[in-house]
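So for the sequence shown, our numbering puts the first residue at 115; every next one is plus one.
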Amino acid sequence: PGMPMVIDNEKAFEELKDLVDYFLLHNRKILNRTDDSVIRFVDGKRAVIRRSRGFVPLPIEIPFEYSGLAVGAELMNAFGVVKGSRVYPSQYIGNTSKVEVLEFMKSAVAHFKKILRIKSFDVVIADLHPLYNTTKLAMEIAEEENAEFIQVQHHYAHIASIMAEHNLDEIVGIAVDGVGYGSDGNTWGGEVLYLSYEDIERLAHISYYPLPGGDLASYYPLRALIGILSKLYEVDDIKKVIEKHCPKAIENLRYGKVEFNVILSQLAREINVGYASSTGRVLDAIAVLLNIAYRRTYEGEPAMKLEGVAFRGKNDLGFRVPIEGEELKVEELFEQVLESKANPADIAYSVHLALGRAFGEVAVEKAKEFGVKNVGISGGVAYNELIVKTIRKIVEGNGLRFYSTYEVPRGDNGTNVGQAFLGGLYFEGYLSKEDLIL
115 PGMPMVIDNE KAFEELKDLV DYFLLHNRKI LNRTDDSVIR FVDGKRAVIR RSRGFVPLPI
175 EIPFEYSGLA VGAELMNAFG VVKGSRVYPS QYIGNTSKVE VLEFMKSAVA HFKKILRIKS
235 FDVVIADLHP LYNTTKLAME IAEEENAEFI QVQHHYAHIA SIMAEHNLDE IVGIAVDGVG
295 YGSDGNTWGG EVLYLSYEDI ERLAHISYYP LPGGDLASYY PLRALIGILS KLYEVDDIKK
355 VIEKHCPKAI ENLRYGKVEF NVILSQLARE INVGYASSTG RVLDAIAVLL NIAYRRTYEG
415 EPAMKLEGVA FRGKNDLGFR VPIEGEELKV EELFEQVLES KANPADIAYS VHLALGRAFG
475 EVAVEKAKEF GVKNVGISGG VAYNELIVKT IRKIVEGNGL RFYSTYEVPR GDNGTNVGQA
535 FLGGLYFEGY LSKEDLIL
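(1) Could you tell me which residues DSSP puts in a beta bridge with P309?
(2) Could you tell me which whole alpha helix (DSSP H) segments of length 4 or greater appear in the region 350 to 430?
(3) Can you tell me the Cα-Cα spacing of I491 and E128, whole angstroms?
(4) Does the separation of the CB atoms of M117 and D149 fall below 8 Å?
(5) For N123, does the count of other Cβ atoms within 10 angstroms reach 16, so buried, or fall short, so exposed?
(6) Applying the 10 Å Cβ sphere with the 16-neighbour rule, what's the burial state of A224?
(7) Give me whichever residues DSSP pairs with G319 in a beta bridge.
(8) Taking the C-alpha atoms as reference points, what is the distance between E70 and K419?
(9) Could you name the residues that DSSP lists as bridge partners for F78?
(10) Determine the contact status of G182 and G439, defining contact as a CB-CB distance below 8 Å.
(11) DSSP puts Y180 in a beta bridge; with which residues?
(12) Could you tell me the alpha carbon to alpha carbon distance between F516 and T393, rounded to whole angstroms?
(13) Does the region 244 to 252 come into contact with the region 183 to 193, if we say contact requires no fewer than three beta-carbon pairs (one atom in each stretch) closer than 8 Å?
(14) Give the secondary structure of E175 by DSSP, where H, G and I count as helix, E and B as strand, and everything else as coil.
(15) Can you tell me the Cβ-Cβ gap for L378 and I340, rounded? I've got them flagged as a contact below 8 Å.
(16) With a threshold of 7 Å on Cβ separation, who are the neighbours of A78 within its own chain once the five nearest residues in sequence on each side are excluded?
(17) Starting from F127 and walking both ways along the beta strand (DSSP E), at which residues does that stretch end?
(18) Using only the alpha-carbon positions, how far apart do V495 and I505 sit?
(19) Determine, using beta carbons only, whether L404 and A462 come nearer to each other than 8 Å.
(20) Sort I551, L552, S546 by Cα distance to E312 and report the nearest one.
(21) Out of N375, K443, E257, Y334, state which residue places its alpha-carbon closest to the alpha-carbon of I406.
(22) Below 8 Å CB to CB, which residues in the same chain sit around T424 once its five sequence neighbours on both sides are set aside?
(23) Determine the contact status of E479 and E279, defining contact as a CB-CB distance below 8 Å.
(24) What residues in its chain sit with their C-beta under 7 Å from that of A468, if we drop five residues either side in the sequence?
(25) In three-state terms, what does DSSP make of V170?
(26) Along the chain, where does the beta strand (DSSP E) that runs through Y517 open and close?
Encoded structure:
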């Protein structure tokens, strides 16, 4: 899993021999691997999860002309090649932290240059994260081709992809996902942003909460729950809350109770503790608290299972996410969940509605403040039916236009289009390099 599709017989013998009893071979060569596309419908409209077979190499039109390469994100990668006023997103590449996938990406970039007859790139665009393999590759390609190298903050790219698909001049965008490297070094993922040809601003966000162990929290969401609860309780009280409400979560840590105590100690001493505003981790933490999921065995598992339970909910319990200044105080949502005596389905349903209301209300307020008519949503959480529908109703109820993407993936598979759009704004002199990362 996670490796490039096998496309030649010798490689199949080598890699699949322990999985099959027989091989049925053919002498027709596969020149260019392309995974199947994946689509779901959200709020009655198409939402592309993986844009590959059947779509590639159909372009997305943008209002800028240049020659460029947008390398996309680290996970669920697809890159985009810009020629003239068109972005040509690649087929699904995969997780570029794996060497084999990165090699596949390099060969696919070369293939696109060949079929589009591009001699060299003017600009190469990468994510802001300094340790991504895609960022390092972009720097190498820029140096080889004597092209300009620029970086774009992850969530700016998500919202810019909406501008690209719908040809918008400005938007207040809600960027909601699991993880993206923020311009302040923290993990972002619950953002309300303003983007235009002249300016990019972070207007509001989920209040930062500790994330002990960093990326480990995406696999063991109890870590995120502990971090969020630390904004409400002392360490000893967090332990009591977990042992009372979701003791099985402790058993599902890799090293059980020993690891649980280490996490609490980490938090108390602030050792290897990052800070996050991630919506994805908030949903994961609720899934743990309601005993719906304790581990992530596939992408988005806890949040998706939580959404599945929420669909069975019937009663809105009236949960609220208080908004103080520029911060959505999600920790207080957890306090309401802990105090509730309702069934898990109604609680899960109400959590989704509360988050949707909070983001929708903030976005509408900021749009009116800036005199903007367009409000949009992108990121991995933009595949969540209940959250998207709640936000759309609030936006349209206030006489504003609601957007998401229907051709470009809302998750990381589509960030290359947003990067390419922002690369055009830079190339034509609208925005500086600093504007794209601050």
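Glycine included, each C-beta is placed from N, C-alpha and C at the ideal position. Just so you know, these numbers come straight off a predicted model, no measurement behind them.
In short:
(1) Position 195 of the sequence shown, counting from 1, holds the residue named residue 309. Sequence inspection shows Leu at residue 309; the Pro mentioned does not correspond to that position. For L309, which the question treats as bridged, DSSP gives the partners I285, I314.
(2) 362 to 365, 370 to 383, 393 to 403, 415 to 424
(3) What you label residue 491 is simply residue 377 of the sequence shown in a count that begins at 1. What you label residue 128 is simply residue 14 of the sequence shown in a count that begins at 1. One C-alpha to the other measures close to 44 Å.
(4) Taking the sequence shown and counting its residues from 1, one reaches residue 117 at position 3. Taking the sequence shown and counting its residues from 1, one reaches residue 149 at position 35. No, they are not a contact pair.
(5) As a working note, residue 123 is residue 9 in the sequence shown. The residue is exposed, with fewer than 16 neighbouring Cβ atoms inside 10 Å.
(6) For the purposes of this step, residue 224 is identified with residue 110 of the sequence shown, where counting begins at 1. Exposure of A224 is indicated by the presence of fewer than 16 other C-beta atoms within 10 angstroms of its C-beta.
(7) Residue mapping note: residue 319 aligns to position 205 of the sequence shown, counting from 1. The identity of residue 319 in the sequence shown is His, whereas the question assumes Gly. Note: H319 sits in a beta bridge opposite E305, E441.
(8) The shown model of the chain, from 115 to 552, leaves out residue 70, and the question about it has no answer.
(9) The chain is shown only over 115 to 552; residue 78 falls outside these bounds and no answer can be derived.
(10) Residue 182 sits at position 68 when you count from the first residue of the sequence shown. Residue 439 sits at position 325 when you count from the first residue of the sequence shown. Contact flag unset, no.
(11) The sequence position of residue 180 within the sequence shown is 66, counting from 1. Its beta-bridge partners are G198.
(12) Working through the sequence shown from its first residue, we reach residue 516 at position 402. Working through the sequence shown from its first residue, we reach residue 393 at position 279. In a straight line, the C-alpha of F516 is about 20 Å away from that of T393.
(13) Cβ pair count under 8 Å is three or more, so yes.
(14) For the purposes of this step, residue 175 is taken as residue 61 along the sequence shown, with counting starting at 1. In this structure, E175 counts as strand in the three-state DSSP scheme.
(15) Reading the sequence shown from its first residue, position 264 is the one you call residue 378. Reading the sequence shown from its first residue, position 226 is the one you call residue 340. Indeed, because the Cβ distance is near 7 Å, the residues count as touching under 8 Å.
(16) No information on residue 78 is available, as it lies outside the stretch 115 to 552 that the chain covers here.
(17) Mapped onto the sequence shown, residue 127 falls at position 13. Counting along the chain, F127 falls outside any beta strand (DSSP E), though it belongs to the alpha helix (DSSP H) covering 123 to 130.
(18) Counted from its first residue, the sequence shown places residue 495 at position 381. Counted from its first residue, the sequence shown places residue 505 at position 391. Taking the straight line from one Cα to the other gives about 12 Å.
(19) Along the sequence shown, one-based indexing puts residue 404 at 290. Along the sequence shown, one-based indexing puts residue 462 at 348. Yes; because the gap between Cβ atoms is below 8 Å, this pair is in contact.
(20) Translated into the one-based positions of the sequence shown, residue 312 becomes position 198. E312 has its Cα closest to that of S546, out of I551, L552, S546.
(21) Against the sequence shown, residue 406 aligns to sequence position 292. Here the closest residue by C-alpha is Y334.
(22) As a first step, residue 424 is located in the sequence shown; it is residue number 310 there, counting from the start. The sequence shown places Ala at residue 424, rather than the Thr named in the question. A distance below 8 Å between beta-carbons, with the five flanking residues on each side excluded, links A424 to the following residues of its chain, in chain order: A459, A462, Y463, V465, H466, L500.
(23) For this step, residue 479 is matched to residue 365 along the sequence shown. For this step, residue 279 is matched to residue 165 along the sequence shown. In this structure, E279 does not lie closer than 8 Å to E479 by Cβ.
(24) For the purposes of this step, residue 468 is taken as residue 354 along the sequence shown, with counting starting at 1. Same-chain partners within the cutoff: F433, R434, V435, L447.
(25) For the purposes of this step, residue 170 is identified with residue 56 of the sequence shown, where counting begins at 1. Reduced to three states, the DSSP call for V170 is coil.
(26) Residue 517 sits at position 403 when you count from the first residue of the sequence shown. It spans 515 to 517 - the beta strand (DSSP E) in which Y517 sits, taken as one unbroken run.
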